[in-house]
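S.K.: Here you go, one structure.
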Amino acid sequence: MSESSSRATGLAGLVVRRPLAIVVVALVLGVLGYFGTRRLGIDQELRALLPDDAPSVTRLDAVTERLGNQSDLYVTIRGPSREANLALGAAIAADLEQRDDIRYVLFRRDPAFFRDNLLLYAGLQDLLDLRQKVIDAIQARVRRELSMFPEDQAASGEGDDLGLDEKTLRERYGLDREPSEYFERDEGRLVVVRARPTRPNTDISFARGLSRNLKTAIDGLEPKRFHPDIEVTIDGSYAEHTAQASSLERDIISGTAFAFGLLLLVVAVYFRGLRAVPLVLVPLLIAVVTTLAIGWALYRELNLVSAFIFAVTLGLGIDFGTHILSRYRDERRRGLDQFAAIRTTIATTGVSTAGGALSTAFAFLFLVMAEFRGFSQFGVIGSLGIMIAFVAALVVLPALVLVLDRIVPWRVPAPAAVQAPGARVVSREFPWLALGTALVCLVGGALGAAQLPRIGFEYNLGKLGPPDRTSPEEQQRANEYRDAVGRTQSTDPTIVLTESLPQTEAVNRQLQAILDLEPEQIAELTGLPPYPDTPRKPKPEPKPAPAPKPADEEEDEDDVEPDDPKFVRLAELARTRGTVDPAVLEQLKQYPPERLREMDDLLSSVLSIYSFVPELQAEKLEIIRDIRTRIDNKRGSFSDADLEKLKSWERYLQVDRPVGADDLPPWVKVQFTDMHGELGRFVACWQRGPKSEYAHAKRIHDAFDTIDTPLGPAPAVGSHFVVPEVVDAIRGDGPLVMCAVFGVLIVTALVMFRSVGHAAIVLATVGSALGWLAAVFVAMGWTLNLFNLVALPLLVGMGQDDSLHIIHRYREEGLGRLAHTMRETGGAVVLTTVTTVIGFSSMLFVDHVGLRSLGWTAVVGMTFCLVASLTLVPACLRLGEWLRVRRGE
Numbered sequence: 010m011s012e013s014s015s016r017a018t019g020l021a022g023l024v025v026r027r028p029l030a031i032v033v034v035a036l037v038l039g040v041l042g043y044f045g046t047r048r049l050g051i052d053q054e055l056r057a058l059l060p061d062d063a064p065s066v067t068r069l070d071a072v073t074e075r076l077g078n079q080s081d082l083y084v085t086i087r088g089p090s091r092e093a094n095l096a097l098g099a100a101i102a103a104d105l106e107q108r109d110d111i112r113y114v115l116f117r118r119d120p121a122f123f124r125d126n127l128l129l130y131a132g133l134q135d136l137l138d139l140r141q142k143v144i145d146a147i148q149a150r151v152r153r154e155l156s157m158f159p160e161d162q163a164a165s166g167e168g169d170d171l172g173l174d175e176k177t178l179r180e181r182y183g184l185d186r187e188p189s190e191y192f193e194r195d196e197g198r199l200v201v202v203r204a205r206p207t208r209p210n211t212d213i214s215f216a217r218g219l220s221r222n223l224k225t226a227i228d229g230l231e232p233k234r235f236h237p238d239i240e241v242t243i244d245g246s247y248a249e250h251t252a253q254a255s256s257l258e259r260d261i262i263s264g265t266a267f268a269f270g271l272l273l274l275v276v277a278v279y280f281r282g283l284r285a286v287p288l289v290l291v292p293l294l295i296a297v298v299t300t301l302a303i304g305w306a307l308y309r310e311l312n313l314v315s316a317f318i319f320a321v322t323l324g325l326g327i328d329f330g331t332h333i334l335s336r337y338r339d340e341r342r343r344g345l346d347q348f349a350a351i352r353t354t355i356a357t358t359g360v361s362t363a364g365g366a367l368s369t370a371f372a373f374l375f376l377v378m379a380e381f382r383g384f385s386q387f388g389v390i391g392s393l394g395i396m397i398a399f400v401a402a403l404v405v406l407p408a409l410v411l412v413l414d415r416i417v418p419w420r421v422p423a424p425a426a427v428q429a430p431g432a433r434v435v436s437r438e439f440p441w442l443a444l445g446t447a448l449v450c451l452v453g454g455a456l457g458a459a460q461l462p463r464i465g466f467e468y469n470l471g472k473l474g475p476p477d478r479t480s481p482e483e484q485q486r487a488n489e490y491r492d493a494v495g496r497t498q499s500t501d502p503t504i505v506l507t508e509s510l511p512q513t514e515a516v517n518r519q520l521q522a523i524l525d526l527e528p529e530q531i532a533e534l535t536g537l538p539p540y541p542d543t544p545r546k547p548k549p550e551p552k553p554a555p556a557p558k559p560a561d562e563e564e565d566e567d568d569v570e571p572d573d574p575k576f577v578r579l580a581e582l583a584r585t586r587g588t589v590d591p592a593v594l595e596q597l598k599q600y601p602p603e604r605l606r607e608m609d610d611l612l613s614s615v616l617s618i619y620s621f622v623p624e625l626q627a628e629k630l631e632i633i634r635d636i637r638t639r640i641d642n643k644r645g646s647f648s649d650a651d652l653e654k655l656k657s658w659e660r661y662l663q664v665d666r667p668v669g670a671d672d673l674p675p676w677v678k679v680q681f682t683d684m685h686g687e688l689g690r691f692v693a694c695w696q697r698g699p700k701s702e703y704a705h706a707k708r709i710h711d712a713f714d715t716i717d718t719p720l721g722p723a724p725a726v727g728s729h730f731v732v733p734e735v736v737d738a739i740r741g742d743g744p745l746v747m748c749a750v751f752g753v754l755i756v757t758a759l760v761m762f763r764s765v766g767h768a769a770i771v772l773a774t775v776g777s778a779l780g781w782l783a784a785v786f787v788a789m790g791w792t793l794n795l796f797n798l799v800a801l802p803l804l805v806g807m808g809q810d811d812s813l814h815i816i817h818r819y820r821e822e823g824l825g826r827l828a829h830t831m832r833e834t835g836g837a838v839v840l841t842t843v844t845t846v847i848g849f850s851s852m853l854f855v856d857h858v859g860l861r862s863l864g865w866t867a868v869v870g871m872t873f874c875l876v877a878s879l880t881l882v883p884a885c886l887r888l889g890e891w892l893r894v895r896r897g898e
């Protein structure tokens, strides 16, 4: 007795002696696996596809550790009454502030601080103009008082020489810069409450619970009590992610239910009875939930790619059970008892099944070499799942057969006449049909393989999610709340991490300078023409020119008192400094010209704690004090009209000290306080363009990767920084992984058959099927992406498994039994492929584009693997028979 037969006998004896114990242990493992599977999460962030030491992942972890979640939730209130909307908004904000899962809430932004310090936010030249306006008014008043002509003295009490009230002051010197008190639009008919949850929007269970609890709380406030026409919605990324996840789950559940039902029907029809359904599916489901439980123990969460391991394990695992049960049934038909049928099945089909399982498992295990975690995590769990499914099919399935047979005996029908083994007859005529079939398959595969360079890769990862089915009305409503909170700030920013407030100020000044520079200045700094389509901020309206002095008030320059040298220097500073500090310009010159031009083209907005801290405060305070002193010294000479106007804006002159980050109001500081309670150690900036598109995301990554400051470099990162690293990792790992998979295929076939010819048939079968698939990709305009790439190793394993079973059974039967082999094993191969195709067909009807592409790639590829196995393999075997007969072997 051979060693393999001895092992098969020992395993068969164990199954026959302890079938109930084996089934009970398997069911217990299945129950435990189910509870582990329920705890398994899915990390939908792209960062989970990269190793922990990837640059963008390291920085994102640093951002998360310091700043926590960076996504906002928005509660939008729509109603005809601003007062009612604000009252409901205040009630909702108060409720949100009491929640443990909300870090902070922004609703009413008290503008008192900015009003009190209004003049500090004016430009230096604007304050100098205001000072000169006051000087001119006072001098005109003094001249009239000293005039010897009565008509001039009488006129001193009539006009308005100062010519400034609060409205004029704000308009003339651009002081309408204080933030609006509420997030609102349409005169308060739309009001938004903005909240920062503690956990990210990609945590779907958290987002769902938050939305559900928030809706309950809002309903408890009885919005209609505030106004009968009021409407409240939850908007933003939390609502969008929850809706997308729910839609995807509904699609998967409905598709899986349909596929599962069809699967049951196919298995029942093939085996001509319902008994086969639990025999095949119970061990398989135990294997699947056990695999997912191991995945939870190893990783706690699956990434976007390995999340589909359920479908892969189900699709491949059902092959093992089908082959084992089919061979057991055939042996029972031939009259063998249970023990002999199980032993023969394990010794024959069990060996070929083990070869397919091991080769596919090792092919998946080679994915661990990839840096791309979409491959490596998938490889670990996939290889475990395949081996567990194989063991379940080899051990649990026969045990379950015996247990059910004790309850209801399985009366296997005798084989039909057409299924009789027949004689071992090999025709000596040249097999022209076999040669033609082989040539057609191989030439077709070669032509398809030649099309590989024409297959593109989908670099825009944004196109791989659910399609945008937003109606025009829904889009308009979304635009409304985004306008209320600031359209730019409603998207994920790039975060520049700083080590101190001075470094934050340096980064903020640099980025703000890039925004403020005119195209001509960018060209001067870089020596390169700026991009012509770069959006520019509209230039401010020119300030109205001061009214010309009356002729009787004009004086010779010799009669004008020279100004204080201090203010002469300030005037020179305002003139030379312009909109951008020369020191900042010198810092910008240190960047490579091409990079600085890219930064100018991409940057759209900047926000930090220093966006709220005015510059040149010491100089501005000098001017404000001088204005205040001059007015106080001449207050008695102003007319009643002048004094009345002074009352409306003189309070702005009372500011007497600079303001820093710590002086800002709480609603500002809370947005810039990190998880450690430190203020302002980051700068947020936003860039234009599609951040999910590889080329554009790489532009942003390269342009803003690090901001250089006199205090050292400040690293930058955003979730979109992951996109180029993910694509680069796939492009680097893909060829390596496929070479490894094909290497495993060749080695497995050589070890199993110890025949170069039979190994070549396996390789040609898989290669031809993939070549046909490449031709379909080109003809249909399909592209590869990070989802359907997972199907390629699966197709190699599937094509190899089919050909291994056929060749192994043929070698077992011997010459002249090719037709018999194809009737029995070929039928099982057809069934396994059909069931696998049905399993993956559940993905064909989902809205998720990436999932759908995976489904189509798997379905078409597996169909081609089946066709190649049923045509090319027997054709090659028939040609081999003819050669052996011709040689007299």
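The opening residue of the sequence shown carries number 10 in the working numbering; numbering runs sequentially from there.
Here a beta-carbon is modelled for each residue, glycine too, at the ideal position from N, C-alpha and C.
Being a predicted model, the structure only gives us computed values, none of them experimental.
When the Cα of VAL692 is compared with those of LEU803, GLN485, LEU136 and LEU520, which residue comes out closest?
M.R.: Here residue 692 is taken as the residue at index 683 of the sequence shown, counted from 1. For VAL692, the nearest C-alpha among the options comes from LEU520.
S.K.: Check GLN599 in the structure and name its three-state DSSP category.
M.R.: For the purposes of this step, residue 599 is taken as the residue at position 590 of the sequence shown. Looking at GLN599 - three-state DSSP - the assignment turns out to be coil, as it is neither helix nor strand.
S.K.: I want to know whether the segment 499-508 touches the segment 722-734 - three or more CB-CB distances under 8 angstroms.
M.R.: With the cut-off at 8 angstroms, the segment 499-508 and the segment 722-734 touch.
S.K.: Assuming LEU271 and ILE847 form a contact by the criterion Cβ under 8 angstroms, report the distance between their Cβ atoms to the nearest whole angstrom.
M.R.: Your numbering for residue 271 matches position 262 in the sequence shown. Your numbering for residue 847 matches position 838 in the sequence shown. That pair is a contact at about 5 angstroms.
S.K.: DSSP three-state label for PHE786, please.
M.R.: On the sequence shown, residue 786 is found 777 positions in, with the first residue counted as 1. Three-state result, PHE786: helix.
S.K.: Using the Cα positions of VAL876 and ASP742, report the straight-line distance between them to the nearest angstrom.
M.R.: Stepping through the sequence shown from its first residue, residue 876 is reached at position 867. Stepping through the sequence shown from its first residue, residue 742 is reached at position 733. So the alpha carbons of these two residues sit roughly 29 angstroms apart.
S.K.: Using 8 angstroms as the Cβ pair cut-off and three pairs as the minimum, do the segment 107-117 and the segment 193-205 touch?
M.R.: Flag = yes, the segment 107-117 and the segment 193-205 touch.
S.K.: In chain order, what residues of the same chain have a beta carbon less than 8 angstroms from the beta carbon of TYR703, not counting five sequence neighbours either side?
M.R.: Position 694 of the sequence shown, counted from the start, is the residue given in the question as residue 703. Same-chain partners within the cutoff: TYR468, ASN469, LEU470, VAL732, PRO733 and VAL736.
S.K.: Nearest to ALA581 by CA position, among ASP610, GLU628 and PHE621, is which residue?
M.R.: Taking the first residue of the sequence shown as position 1, residue 581 is located at position 572. Checking the displayed sequence, the identity of residue 581 turns out to be Glu instead of Ala. Among ASP610, GLU628 and PHE621, the Cα nearest to that of GLU581 belongs to GLU628.
S.K.: Contact check, LEU411 vs ILE243 under 8 angstroms by CB: the rounded distance?
M.R.: Start at 1 with the first residue of the sequence shown, and residue 411 comes out as number 402. Start at 1 with the first residue of the sequence shown, and residue 243 comes out as number 234. Between ILE243 and LEU411 the Cβ distance is about 56 angstroms, and since that is not below 8 angstroms, they are no contact.
S.K.: Under 9 angstroms, do GLY264 and MET852 count as touching if we go by C-beta distance?
M.R.: Within the sequence shown, numbered from 1, the residue matching residue 264 stands at position 255. Within the sequence shown, numbered from 1, the residue matching residue 852 stands at position 843. Yes, Cβ-Cβ distance for GLY264 and MET852 is below 9 angstroms.
S.K.: Which whole runs of the alpha helix (DSSP H) in the segment 708-765 are 4 residues long or more, in chain order?
M.R.: As far as the segment 708-765 is concerned, its whole alpha helix (DSSP H) runs of at least 4 residues are 731-762.
S.K.: Could you name each continuous alpha helix (DSSP H) segment of 4 residues or more that falls completely within the segment 309-379, going from the start of the chain to the end?
M.R.: Runs found: 318-342, 347-356 and 358-374.
S.K.: Please report how far the alpha carbon of VAL143 lies from the alpha carbon of LEU136, in whole angstroms.
M.R.: Within the sequence shown, the letter at position 134 stands for residue 143. Within the sequence shown, the letter at position 127 stands for residue 136. Spanning the two alpha carbons is a distance of roughly 11 angstroms.
S.K.: Could you tell me if GLY790 is buried or exposed, where buried requires 16 or more neighbouring beta carbons within 10 angstroms of its beta carbon?
M.R.: Counting from one through the sequence shown, the residue named residue 790 turns up at place 781. GLY790 comes out exposed.
S.K.: Would you mind working out which of VAL33, ILE640, ARG352 and THR774 sits nearest ALA455, comparing C-alpha positions?
M.R.: Here residue 455 is taken as the residue at index 446 of the sequence shown, counted from 1. Closest by alpha carbon: THR774.
S.K.: Here's the rule I'm using: 16 or more other beta-carbon atoms within 10 Å means buried, otherwise exposed. How should SER15 be labelled?
M.R.: Position 6 of the sequence shown, counted from the first residue, corresponds to residue 15. It is exposed - the Cβ of SER15 has fewer than 16 other Cβ atoms within 10 Å.
S.K.: Across the segment 363-374 and the segment 272-292, are there enough close Cβ pairs to call them in contact, namely three or more that are closer than 8 angstroms?
M.R.: No, they do not touch.
S.K.: Look up GLU258 in the DSSP assignment and say whether it is helix, strand or coil.
M.R.: Walking along the sequence shown from the start, residue 258 turns up at place 249. It is helical.
S.K.: What's the C-alpha gap between LEU129 and ARG518?
M.R.: Here residue 129 is taken as the residue at index 120 of the sequence shown, counted from 1. Here residue 518 is taken as the residue at index 509 of the sequence shown, counted from 1. The straight-line gap from Cα to Cα measures roughly 17 angstroms.
S.K.: Is it a yes or a no for the segment 318-332 touching the segment 68-79, going by three-plus beta-carbon pairs under 8 angstroms?
M.R.: Because the criterion of three Cβ pairs below 8 angstroms is not met, the segment 318-332 and the segment 68-79 do not touch.
S.K.: For GLU577, which residues from the same chain have a beta carbon less than 8 angstroms from its beta carbon, with the 5 sequence-adjacent residues on both sides left out?
M.R.: Within the sequence shown, numbered from 1, the residue matching residue 577 stands at position 568. The question names Glu, but residue 577 in the sequence shown is Val. Nothing listed; no residue qualifies.
S.K.: According to the neighbour-count rule (16 or more other Cβ atoms, all chains shown, within 10 Å of its Cβ), is THR715 buried or exposed?
M.R.: Here residue 715 refers to the residue found at position 706 when the sequence shown is read from its first residue. THR715 comes out exposed.
S.K.: Please state if the CB of PRO440 and the CB of ILE351 are separated by a distance shorter than 9 angstroms.
M.R.: Start at 1 with the first residue of the sequence shown, and residue 351 comes out as number 342. Start at 1 with the first residue of the sequence shown, and residue 440 comes out as number 431. Result no, Cβ atoms of ILE351 and PRO440 do not sit closer than 9 angstroms.
S.K.: Going by C-alpha distance, which of ILE636, LEU804, THR18 and PRO667 is nearest GLN141?
M.R.: As a first step, residue 141 must be located in the sequence shown, where it is residue number 132. Checking every option, the nearest Cα to that of GLN141 belongs to ILE636.
S.K.: Note down, in chain order, each residue of its chain lying with its Cβ closer than 7 angstroms to the Cβ of SER620, except the 5 sequence neighbours on either side.
M.R.: Residue 620 sits at position 611 when you count from the first residue of the sequence shown. Here the set comprises ASN517.
S.K.: Measuring only the C-alpha atoms, how far is THR535 from ALA712?
M.R.: By 1-based counting over the sequence shown, the position of residue 535 is 526. By 1-based counting over the sequence shown, the position of residue 712 is 703. If you take the alpha carbons of THR535 and ALA712, they lie about 14 angstroms apart.
S.K.: Would THR353 and ALA17 be called neighbours here (beta carbons separated by less than 9 angstroms)?
M.R.: Taking the first residue of the sequence shown as position 1, residue 353 is located at position 344. Taking the first residue of the sequence shown as position 1, residue 17 is located at position 8. Yes; because the gap between Cβ atoms is below 9 angstroms, this pair is in contact.
S.K.: What residues match up with SER614 in a beta bridge as DSSP calls it?
M.R.: If you number the sequence shown from 1, residue 614 lands on position 605. Answer is TRP695, bridged to SER614.
S.K.: Please determine, among ARG818, VAL839 and VAL838, the residue with the shortest C-alpha to C-alpha distance to HIS829.
M.R.: On the sequence shown, residue 829 is found 820 positions in, with the first residue counted as 1. With distances taken between Cα atoms, HIS829 lies closest to ARG818.
S.K.: What residue from MET396, ARG382 and ILE531 has the CA that sits closest to PHE796's CA?
M.R.: Counting from 1 along the sequence shown, the entry for residue 796 is found at position 787. The shortest Cα separation from PHE796 among MET396, ARG382 and ILE531 belongs to ARG382.
S.K.: Going by DSSP, name the residue or residues bridged to ARG194.
M.R.: Along the sequence shown, one-based indexing puts residue 194 at 185. Paired residue(s): LEU199.
S.K.: What are the complete alpha helix (DSSP H) segments, minimum 4 residues, inside the segment 497-534?
M.R.: DSSP runs (the alpha helix (DSSP H)) wholly in the segment 497-534: 510-525.
S.K.: I'd like to check one pair, TYR600 with ASP672: are the Cβ atoms closer than 9 angstroms?
M.R.: Within the sequence shown, residue 672 is the residue found at index 663, counting from 1. Within the sequence shown, residue 600 is the residue found at index 591, counting from 1. Cβ distance not < 9 angstroms, so ASP672 and TYR600 don't count as in contact.
S.K.: What whole-angstrom Cβ distance do THR682 and LEU325 have, given they're in contact under 8 angstroms?
M.R.: In the sequence shown, the residue the question calls residue 682 occupies position 673. In the sequence shown, the residue the question calls residue 325 occupies position 316. The Cβ separation is near 51 angstroms, so there is no contact.
S.K.: Count the CB pairs spanning the segment 211-221 and the segment 86-96 that are closer than 8 angstroms, and state whether there are at least three.
M.R.: Contact between the segment 211-221 and the segment 86-96 is absent, because fewer than three Cβ pairs lie under 8 angstroms.
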